[in-house]
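Colleague:
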Amino acid sequence: MGKETMRGLERGLSVLKALERTESLALRDLHRETKLPKPTLLRILSTLEESGYARRRLTDGTWRRAARKSETPQSLLHDMLLDIGGEVLDDLCNRIAWPSDLAVYHRGMMHILETTRKKTPYAVNMTGIGYRVPMLQTGLGRAWLAFCTDAERERIIAELQRSNSPFDRTAREPETVAAILQETRRLGYGTRVPGFTLRAEGEDKTNGVAVPVMMRGNVIACVTLVWTISALNEQTVVKRYLAKVQAAASRIGYEIERRLPEATA
Numbered sequence: 028m029g030k031e032t033m034r035g036l037e038r039g040l041s042v043l044k045a046l047e048r049t050e051s052l053a054l055r056d057l058h059r060e061t062k063l064p065k066p067t068l069l070r071i072l073s074t075l076e077e078s079g080y081a082r083r084r085l086t087d088g089t090w091r092r093a094a095r096k097s098e099t100p101q102s103l104l105h106d107m108l109l110d111i112g113g114e115v116l117d118d119l120c121n122r123i124a125w126p127s128d129l130a131v132y133h134r135g136m137m138h139i140l141e142t143t144r145k146k147t148p149y150a151v152n153m154t155g156i157g158y159r160v161p162m163l164q165t166g167l168g169r170a171w172l173a174f175c176t177d178a179e180r181e182r183i184i185a186e187l188q189r190s191n192s193p194f195d196r197t198a199r200e201p202e203t204v205a206a207i208l209q210e211t212r213r214l215g216y217g218t219r220v221p222g223f224t225l226r227a228e229g230e231d232k233t234n235g236v237a238v239p240v241m242m243r244g245n246v247i248a249c250v251t252l253v254w255t256i257s258a259l260n261e262q263t264v265v266k267r268y269l270a271k272v273q274a275a276a277s278r279i280g281y282e283i284e285r286r287l288p289e290a291t292a
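Heads up, the sequence shown is in our numbering, so the first residue is 28 and it goes up one at a time.
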């Protein structure tokens, strides 16, 4: 092996090691950690991405290592949701232009893992990675609760009932919760409470429909399509786009199940 080949390998390994140490890194952070010129870094990252070792996040353009089967089941599933979910959401936005979010349940709320809001040509709120929304006021939360297993739903509702958040008060009204989830199942998608917002600047000008990502009978994530209410109403969105959003969610679940070891189910 020649000196140039060895040097290239050493550079690639230094980038991989840097990506191993954190969730994701911007190009400037990789430059600072590895001391490699940015053009060199971009070539290495492009090669790593093509080879399946690195991924670039849609939301902020930062770089992260790709999923590996040597990880714990929970960590592997999380990384595969980012890898596969990011690709599918990117494709969905290319086809319909309106943005979408990918979210998972965690400790009483839905957490955004990935989003195409920066990619869309439309003016929508720039919700980012890590943004959290409540369960019973949002389409994401309602979709998760409506389509998860009975046992998981009971655990989540019990957790919400113990919460001090005003957004979780509805959890103490069993009949209201049952009606919300029954309607969500009937529609096949979750919707938010009209006018709901967590933003200090006032009413949100967007709406969304959310569907579950299923794998082996379990909800592993939810996808929501977002649009501005001044441009479209819910009925139009459902007619034009719901089938595409459902197909995207099905594709995420299928691809993860196909690649994920059976032991992680």
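Virtual Cβ for every residue (Gly too), placed ideally from N, Cα, C.
Less than 9 Å between the C-beta atoms of residue 158 and residue 133, yes or no?
Modeller: No, the pair does not count as a contact, with Cβ atoms beyond the cut-off.
Colleague: Taking one C-beta from the stretch 102-115 and one from the stretch 213-221 each time, how about it: are there three or more such pairs within less than 8 Å?
Modeller: no
Colleague: If you draw a straight line from the alpha carbon of residue 291 to that of residue 257, how long is it in whole angstroms?
Modeller: Low confidence applies to residue 291: its pLDDT is 48, below 50, so where it sits in the model is not reliable, and the reading given next is rough at best. Approximately 43 Å between the Cα atoms of the pair.
Colleague: DSSP on residue 215, reduced to helix/strand/coil?
Modeller: coil
Colleague: Just checking my contact of residue 126 with residue 151 at CB under 8 Å: how many whole Å lie between their CB atoms?
Modeller: 6 Å
Colleague: Check each candidate in 260, 41, 278 and name the one with the smallest Cα separation from residue 59.
Modeller: Each of 260, 41, 278 was checked against the Cα of residue 59, and the nearest Cα belongs to 41.
Colleague: Of the residues 148, 170, 272, 37, which one's Cα is nearest the Cα of residue 213?
Modeller: 170
Colleague: Measuring alpha carbon to alpha carbon, tell me which of 244, 135, 166 ends up nearest residue 196.
Modeller: Residue 135 holds the alpha-carbon nearest to the alpha-carbon of residue 196 among 244, 135, 166.
Colleague: From the DSSP output, which residues share a beta bridge with residue 128?
Modeller: 142, 251
Colleague: Would residue 280 pass as a contact of residue 240 if the rule is Cβ separation under 9 Å?
Modeller: yes
Colleague: How should residue 248 be labelled, buried or exposed, when 16 other C-beta atoms within 10 angstroms of its C-beta is the threshold for buried?
Modeller: buried
Colleague: With distances taken from CA atoms, which of 48, 193, 268, 38 is nearest residue 75?
Modeller: 38
Colleague: Using 9 Å as the limit for Cβ to Cβ distance, is residue 240 near chain C?
Modeller: Absent from the structure: chain C. Only one protein chain is present.
Colleague: Measuring straight from C-alpha to C-alpha, what distance separates residue 141 and residue 252?
Modeller: Computed Cα separation, rounded: 12 Å.
Colleague: Considering only residues of the stretch 157-190, which uninterrupted alpha helix (DSSP H) runs meet the minimum length of 4 residues and lie entirely inside it, listed in chain order?
Modeller: Along the length of the stretch 157-190, whole alpha helix (DSSP H) runs at least 4 residues long occupy 166-174, 177-188, reported in chain order.
Colleague: Return helix, strand or coil for residue 193, following the three-state DSSP convention.
Modeller: helix
Colleague: Looking only at its chain, what residues have a beta carbon closer than 8 Å to the beta carbon of residue 275, apart from the 5 residues adjacent to it on each side?
Modeller: 115, 116, 118, 119, 127, 250
Colleague: Identify every run of the beta strand (DSSP E) within the stretch 248-287, keeping only runs that are complete inside it and at least 3 residues long; order them along the chain.
Modeller: none
Colleague: Using the DSSP secondary-structure output, state which residues sit across from residue 238 in a beta bridge.
Modeller: 250
Colleague: Use the C-beta contact count for residue 69: other C-beta atoms within 10 angstroms, 16 or more gives buried, fewer gives exposed.
Modeller: exposed
Colleague: Pull up the distance between the alpha-carbon of residue 211 and that of residue 176, whole angstroms please.
Modeller: 15 Å
Colleague: At what residues does the alpha helix (DSSP H) containing residue 55 begin and finish?
Modeller: 54-61
Colleague: Is the distance from the Cβ of residue 185 to the Cβ of residue 208 below 9 Å?
Modeller: no
Colleague: For the alpha helix (DSSP H) containing residue 70, name the first residue and the last one.
Modeller: Going by DSSP, residue 70 is part of the alpha helix (DSSP H) stretching over 65-77.
Colleague: Look at the Cβ atom of residue 283, then the Cβ atom of residue 162, and state whether they are nearer than 9 Å.
Modeller: Not in contact: residue 283 and residue 162 (Cβ atoms no closer than 9 Å).
Colleague: Write down the C-beta distance between residue 187 and residue 198 rounded to the nearest angstrom, noting that I regard them as a contact closer than 8 Å.
Modeller: Distance from residue 187 to residue 198 at the Cβ level is roughly 4 Å; contact confirmed, criterion being Cβ atoms closer than 8 Å.
Colleague: According to DSSP, is residue 203 helix, strand or coil?
Modeller: helix
Colleague: Would residue 72 and residue 55 qualify as a contact pair, given that the criterion is a beta-carbon distance under 9 Å?
Modeller: no
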